[in-house]
Amino acid sequence: MTVQPFSPDSDLTLDEAMDELVSAEDFLEFFGVPFDQTVVHVNRLHIMQRYHDYLTKAGDLDEHDDQARYAVFQQLLARAYLDFVESDALTEKVFKVFRMHEPQKTFVSIDQLLS
């Protein structure tokens, strides 16, 4: 599928246009983020999860117009992609399975110790 970058002159809203995206490559092309296919092939799920995490941290962007949201989405996707150009999935630990063998920290209050 060949994806065209978003245009504010389009008949579709940003959300409607994004509904058509199905792969990491679609998102990268849509947002005009240059990418190496080898990096995406190995890390596609990690990139998309990291992108989702960045979007979650960005908060609610619905009050902004499509151009402003597009710019934020583009920046966050580029950042997520670059995380895996400069590092790897094992180091980035996006998914819980990579963090399972790390030391676990548990808080125990003094009240729990005394009871």
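So in the numbering used here, spot 87 of the sequence shown is number 87, and the numbers just go up one at a time. Backbone N, C-alpha and C define an ideal beta-carbon position, used for all residues, glycine too. None of the values given here were measured: they were computed from a predicted structure.
- The DSSP-derived three-state label of L12 is coil.
- Between A24 and the set N43, D65, T106 and L55, the nearest pair of CA atoms involves N43.
- For T38, the closest C-alpha among the options Q112, Y81 and Q67 is that of Y81.
- Taking C-alpha positions only, Y54 is separated from L76 by approximately 6 Å.
- Around the C-beta of A58, fewer than 16 other C-beta atoms lie within 10 Å, and the residue is accordingly described as exposed.
- In this structure, DSSP gives K57 a helical state, which the three-state scheme calls helix.
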